[in-house]
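Protein chains in written order, with the working numbering: chain X, 1 to 155; chain A, 156 to 568; chain B, 569 to 859; chain W, 860 to 1386. Even glycine gets a Cβ: it sits at the ideal position worked out from N, Cα and C. Keep in mind the model is a prediction, meaning the values are calculated, not measured.
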Amino acid sequence: MSRINLNDLDPSFKHRVAEQPGGQGIKACFACKACTAACPITAVDARYDPRKIIRMALLGMTEEILHSDFIWLCSSCYGCQEVCPQNVSFTEVMFAIKNLAAAEACVPPGLTGQRLLLKAHGRLYEISDFENEKREKMGLPRIKEHPEDYDALLG
Amino acid sequence: METDALIVGAGVAGLWSAWELALHGATATIVEAAPYPGGHVARFCCKATGRCQKCGACLLEDVLRKVRGSDRITTLLGSTVLEASDTDRGFDLTLLCRPPRIFPDRCDGCGACTDVCPVPGALVQSPFDRRMVLDQQRCLRFQGGECRACEEACTRGAVNLDMPAQKIPVSASAVVLAAGFRPFDPLEKPRLGYGRVPGVVTAAELDELIRTDKWFPGAGASRTRSVAFIQCVGSRDAKIGRNYCSRVCCGYALRLARLLRSRYPDIEPTMFYMDIQSFERDFEARLGEAAREARLIRSMPAEIRTGSDGRPEVVYEGMDEKRVAEPYDMVVLSVGISPGQSLGNLCSTFGIDLNSDGFLGPDGEAVTTSQDGLFVAGAVQAPRSIEDSVSHAIKAAAAADRYLRRMANREKQ
Amino acid sequence: MEALLYLGCTVPVRNLNYEVSARLTAERLGITFRDHEDFGCCGYPLKSLDVRDTLAIAARNLAIAEREGLEICALCNACAGTLAEAAHVLDHHPELKEEVNLRLAPLGLKYEGPVRVRHYMRVLWEEVGVEAIQRAVTRPLNGVLVAPHYGCHYLKPSELTKGFDSPDVPKTLSGLIAATGAQVADYSSLKECCGGGVLGVSEDVANALAAIKLADVAGTGAHALVLVCPFCNVMYEGQQKKIAKAIGLDRKVPVVYYPQVLGLALGLSSEELGFKLNRVKPSELLNIVEG
Amino acid sequence: MKTPVEQPIPLGGAAPPEERNLRKVLVLGGDRVGLELAERLAAEGFEVVLLGQAQNGSGTGGVTFVPHGRLSEVRGFLGGFDVTLSAQNGRIRERIGHIIAAAPAEVAPKFSAYGLSRTDGALALSEFPEWIARSDPSTSRDGKWFHAAFLCGLEAGSHPAVFSRVLDAVEQLGQLQNVQTYVFTRHLKVAGADLERRYRESRERGTLYFKFDEQGCAFEQTPEGVKMVFSDPLLGREMELSPNLLVVDEDLLPPASLEPLLRAIPASPAGSPFLQPESTRFCGVETAKAGIYAVGPSRGVFAPDLIVGDVEAVVAALRKPLSEPAPWTGLSAPEVDPEKCTMCLTCVRICPHGAMGFRDRALADPFSCVRCGICAAECPMKAIVLLGGVEGNETKAQVDRDLARVSAPGKIVAFLCSRSATDALESAGIASDHLSVVKVPCAGTVSTSHILTALREGARGVLVAGCFKGNCASVYGTALASERVAEITRVLGSAGIDPARVQYAPVASNTPGTLARAVRELEESLV
């Protein structure tokens, strides 16, 4: 990997992340490494490493982060957040970072698909008559979809 | 009863301020809740490894010797301050003084009382001789119960549960609060396994075992070789409201590690840390030495759990950036310094506030408080090493002496 | 007690055994579930794209509950977590609440808060209690050994679960299992994540996580892995075949929902409890209980 | 008040003064601390000579300013130091009661440690306040970020006082727009008041920290500026930074002007720049020699708020009524037999506290002497005796007589230091009928003749138990004792006597097991 020139990085990125809902804590990180030790994903895939991602964000490696595939690997288990002695809600910080990536249209296709599903049905799984009949057979009440609300909410 | 200075706490800071005040010619009365003087330091061992490691624990015995030899100092053990009000001449206080429940001249330290005592820690051996002392703040009988088990068990008639406690009015011109600290309770961090995972102890527990000659590495397969020290347990932790460095634990852990190694050279200490704090004037020059004595790992563990072989396992991010679960024979938690238990009471009794870290008195290093004539000394005000507590206590005594002189001059005029 | 039953997306379509057993056990234990046909998705799936969208969607559901004057009881860890967190965030950030209410206004909804959101297990633990469950048990599950799996959002963030359970030393699900007379299997990967959160992004990563626990639980000889979340179910039941093949696991791990286990102890039949929908059949377990 | 300069003598001893002037104080100053201290003392009625400091406008009474002088020689004792100052208009001799070293730290920028030189873009930390007063980094380049890098113990050590000053600067820059600050360090020293909180606040304002382990950072300095090349310890990736401003940290060292004082305190350890020995027994402002005090940097204290406390403590120390120290030992000062003293001045050279002087014979200054008895043990003529017993001064018995009293054939004679082994004996509860205990004020009190006497009286063995090396309140009493024991064992060995019969054991007052073990080991070796 080529040498990174700090003068070319984007010092404002950390402040941008901090302005997102949930992203507030990012700058408090003092790199104790407890988060990585608690992360189940790091243990199976070294591309994902909480303290490295925070570091990259703090340094302002904006492009590399937003266009990466690893930021999407967070399983949102909150393990990192629980062990952080500086109250960095890293799970929320990850969401904030992903939101910034999404705003630049760097998103895995599956996720945008889910958004379309919600707009169309108000749920991840369409409720067809088949579903409701199956439910009724088990004595369960029918389910209604409210696509109009979700479509309105999601614009 | 009248005294120039009333000192709350007979730990190393309280004793030292009393001694310094006595050197100035003042009279000092020390009020101590515990049945023996010395506070936490009374449970610490000497960390010398053939040469002194400057832990400062011997400063307690030094000052006790001085205080014992001074006729200007009165020490009231088993006593607490019930009330205080300030007057134009200083403070009017009411003390609750509990008589010693075990006559030292009759007790031979046989331990028969401890064997039958239902409350752990209520009857303990004095740190300075082999005799027993009763902590009346734990004893059932003094907490509204009816237990007399110890009295019945003692064959030498040394136990005395009936003499009533007395309320004693005292007027003092100055008060020095030296009520000390509370070691951070590692149960507040359950993920570190304390009280649950066998082999996890606090540094202070290990220290006391060494002082009383009760710690041995064992033998054979169960011999203790690998020892992990976990730093910053309850320090540098904003999550639990302790975003301050306890200042002493790096030195404490490294000294303990050196001590263990000097006694048992096959012991291999590892230290998990964030930043190593200097604890000696020439520490930086010796940091390399420390690195040879203990494996230093800059990484905070996420968890300590019981491993498959029953030993404690430290889960941390290792050097190769992988999550590692490493078994150790013993894990020592370097618990931090927390504000003392009685601080809330002292605040309301004396009308002062806690500082931003939750300790008593002002921020920083000052010894004066918002109340005239009221001083703080030692770890009651901020985390301090023994040596720094003594230094702080000397300053508190200096400030109290100045105040006493000012008051005396005013009275003359 | 009475609560609005929040089914979310997955349970009412894919996990009818969970839903039916939850309803039946609740009824037996004096919990009245009310259904509300306006509930939809909780918003969790959009959190990676836009946290504000998630808040708006969650607030829609919370506002509905608020209008009804009832708390929400959810069956899914993610739904319970997302709704509870949204309520917490909106209650503590007035500016976000205002923003969200602007979006809800066209729907004729408004969230003032607070609205309480609890997982069904938390309702059982806090409202019914282990002792009452023990008293209600008519068929103690003696001889049954099961491994609990809490799931991440059940325990964390502890800001939301404080006072209920501890992410470091979890105990409620084990306590609820023990109340049925079944034995709780102890295993080292108890607190591991199922991986469900990344399934949509990387099946390999997700499976690698689930594999850890499946292998571990298989080793304990437990008659079943007990779940309380349909997301975890996708991993441990839905993906089990693939995972077993990948790691060479030859022992099948039956996966059941806690209310199914509880239902058996309360005397309900396996048929009523929807066991026929369990993909890896807990035959040994059912044999012990029903013979 | 001027006195004739005495002939140079070993280690500056003279006769203890017959009259003492305790109201006159020499303060070695140089900054606000010295001035404040002088004014405080003057307010308490002391007559102060303040060295190294220009007179300030207030013209405080009671303070004589010697702005350009330096201390060149100190002799004498508490209340009667003969001090020679070199000033602009020649040498000044003064009779002084107390001497306080309160000079500021030597501040040494670490440019050379990093291979850097000072330029407009690379400043020393002390220069930052002046720099920021005349610069406005946030508006000087439109839209572009200004990068400011601080070095803080990057090559080796740092100190909370240095980190605190770095934070002062970082906090100032943190108020500005478009300024990115970096701190390069190894171990952040947060063990001081408020530092952890300020550290966090600096991060929240955007400061980035690089903590290196072994490998550090390479600097490429050109006329255009400095380029820093390093591997980020957290990402493991190669990086470079060309800061618009590089601020180099400084070593805080004790003042260089202490040499004459170090010479006046025999216990000053060779090579150490501090006035106090490396022992926890010296944790206040007092030094090993009565009447000489160390404030702040002179004793290794650099944080400003701690120095304020030192000032308070030293003013109080001077207020203390004069009393002979160590009352708890019950010993009075050593007496020198004029018939036996040959003025060899061994005692003057050896006394760690500088308490011995001489006139027609050696003389102890009772206010400087701590009753360690090292002089008596070392006196080749046995001319010095310590009167009084450790138990109390009612017996007027000498340590030697104590020894005679307890020595008995078949026993082990244990010489126990009153600062360590005596306490250990009490708490250990060692019930050995074979032990004859002689309490001594310091292990250094035990002379070779004491040990030989014990053996001659029939002792099976002799144990000398004192403090650990580096812990002795008389600095090297413990080392002297162990050397004497080693010497005796050599002699015994060559005389065919079992050398194991005499042992030296360092013992801790608070860890009685160390004494119990020493006794046990000695007993076992005698079987």
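Buried/exposed call for residue i, threshold 16 Cβ in 10 Å
{"i": "residue 587 (chain B)", "result": "buried"}
{"i": "residue 221 (chain A)", "result": "buried"}
{"i": "residue 553 (chain A)", "result": "buried"}
{"i": "residue 947 (chain W)", "result": "exposed"}
{"i": "residue 1248 (chain W)", "result": "Reliability of the predicted coordinates at residue 1248 (chain W) is poor, the pLDDT of 48 falling under 50, and no value is obtained from them."}
{"i": "residue 860 (chain W)", "result": "Bear in mind that the predicted position of residue 860 (chain W) carries a pLDDT of just 26, short of 50, making it unreliable; the figure below should be weighed with that in mind. Exposed, because fewer than 16 other Cβ atoms sit within 10 Å of the Cβ of residue 860 (chain W)."}
{"i": "residue 1197 (chain W)", "result": "exposed"}
{"i": "residue 321 (chain A)", "result": "exposed"}
{"i": "residue 1255 (chain W)", "result": "Since pLDDT at residue 1255 (chain W) reaches only 34, below the 50 mark, its modelled position is unreliable, and the value read off the structure follows with that caveat. Residue 1255 (chain W) should be labelled exposed."}
{"i": "residue 653 (chain B)", "result": "buried"}
Minimum Cβ-Cβ distance from residue i to chain C less than 8 Å
{"i": "residue 398 (chain A)", "result": "The structure shown contains no chain C; the protein chains it does contain are X, A, B and W."}
In DSSP terms, what residue i is bridged to
{"i": "residue 1068 (chain W)", "result": "W:1042"}
{"i": "residue 349 (chain A)", "result": "Residue 349 (chain A) pairs with nothing; no bridge assigned."}
{"i": "residue 1191 (chain W)", "result": "W:1246"}
{"i": "residue 4 (chain X)", "result": "W:1098"}
{"i": "residue 1365 (chain W)", "result": "W:1325"}
{"i": "residue 1217 (chain W)", "result": "W:1221"}
{"i": "residue 280 (chain A)", "result": "A:287"}
Reference residue i, options the options, closest by Cα
{"i": "residue 829 (chain B)", "options": "B:755, B:643, B:854", "result": "B:854"}
{"i": "residue 965 (chain W)", "options": "W:957, W:931, W:1172, W:1116", "result": "W:1116"}
{"i": "residue 458 (chain A)", "options": "A:470, A:466, A:272", "result": "A:470"}
{"i": "residue 267 (chain A)", "options": "A:304, A:318, A:212", "result": "A:304"}
{"i": "residue 256 (chain A)", "options": "A:296, A:422, A:228", "result": "A:296"}
{"i": "residue 214 (chain X)", "options": "B:836, B:820, B:577", "result": "The question about residue 214 (chain X) has no answer, for chain X in this structure spans 1 to 155."}
{"i": "residue 16 (chain X)", "options": "W:1181, W:1053, W:1063", "result": "W:1063"}
{"i": "residue 102 (chain A)", "options": "W:880, W:888, W:902", "result": "With chain A running from 156 to 568 in the structure shown, residue 102 (chain A) is simply not present."}
{"i": "residue 185 (chain A)", "options": "A:205, A:286, A:250, A:392", "result": "A:250"}
{"i": "residue 536 (chain A)", "options": "A:436, A:288, A:331, A:428", "result": "A:331"}
{"i": "residue 428 (chain A)", "options": "A:381, A:489, A:422", "result": "A:489"}
{"i": "residue 1085 (chain W)", "options": "W:1326, W:1007, W:1279, W:1350", "result": "W:1007"}
{"i": "residue 1179 (chain W)", "options": "A:174, A:359, A:566, A:164", "result": "A:174"}
heavy atom of the ligand FAD below 7 Å from residue i C-beta
{"i": "residue 1156 (chain W)", "result": "In terms of ligand content, the structure shown is empty, and the ligand FAD therefore cannot be addressed."}
Quiz prompt | Under 8 Å (Cβ pairs) to chain W, residues found in the stretch 19-35 of chain X | solution = 27, 28, 29, 30, 31
Self-check item: Residues within the stretch 65-97 of chain X neighbouring chain A, beta-carbon criterion of under 9 Å
Solution: 79, 80, 82, 83, 84, 85, 86, 87
Quiz item: What residues from the stretch 1039-1057 of chain W come within 8 Å of chain X, judged by C-beta to C-beta, listed N to C?
Solution: 1039, 1041
Quiz item: Given 8 Å as the limit, is there contact between the stretch 736-751 of chain B and the stretch 96-106 of chain X, that is, 3 or more CB pairs closer than that?
Solution: no
Quiz item: In the stretch 604-624 of chain B, which residues sit with their C-beta less than 8 Å from some C-beta in chain X, listed in chain order?
Solution: 605, 606, 608, 609, 613, 614, 615, 616, 617, 618, 619, 620, 621, 623, 624
Self-check item: the stretch 41-55 of chain X in contact with the stretch 69-83 of chain X per 3-pair CB rule at 8 Å
Solution: yes
Quiz item: If you measure beta-carbon to beta-carbon, which residues of the stretch 713-736 of chain B are closer than 9 Å to chain A?
Solution: 734, 735, 736
Quiz item: Is the stretch 824-839 of chain B touching the stretch 787-798 of chain B, taking contact as three or more C-beta pairs under 8 Å?
Solution: yes
Quiz item: Are the stretch 1323-1338 of chain W and the stretch 190-209 of chain A touching, with three or more C-beta to C-beta distances below 8 Å?
Solution: yes
Quiz item: So does the stretch 1104-1120 of chain W actually touch the stretch 1010-1027 of chain W, counting three or more Cβ pairs closer than 8 Å?
Solution: yes
Quiz item: Looking at chain W, which residues of the stretch 131-144 of chain X have a Cβ within less than 9 Å of any of its Cβ atoms?
Solution: none
Exercise. Decide if the stretch 606-623 of chain B is in contact with the stretch 647-666 of chain B; the criterion is three or more beta carbon pairs, one per stretch, under 8 Å apart.
Key: yes
Quiz item: Does the stretch 537-547 of chain A touch the stretch 338-351 of chain A, meaning 3 or more C-beta pairs lie closer than 8 Å?
Solution: no
Quiz item: Using 8 Å as the Cβ pair cut-off and three pairs as the minimum, do the stretch 703-710 of chain B and the stretch 678-692 of chain B touch?
Solution: no
Quiz item: With contact counted as at least three CB pairs below 8 Å, one residue from each stretch, are the stretch 241-248 of chain A and the stretch 190-206 of chain A in contact?
Solution: no
Quiz item: Which residues, in chain order, does the stretch 1000-1015 of chain W contribute to contact with chain X at a C-beta distance below 7 Å?
Solution: 1004, 1006
Quiz item: Is the stretch 1363-1371 of chain W close to the stretch 1312-1326 of chain W, with three or more CB pairs under 8 Å?
Solution: yes
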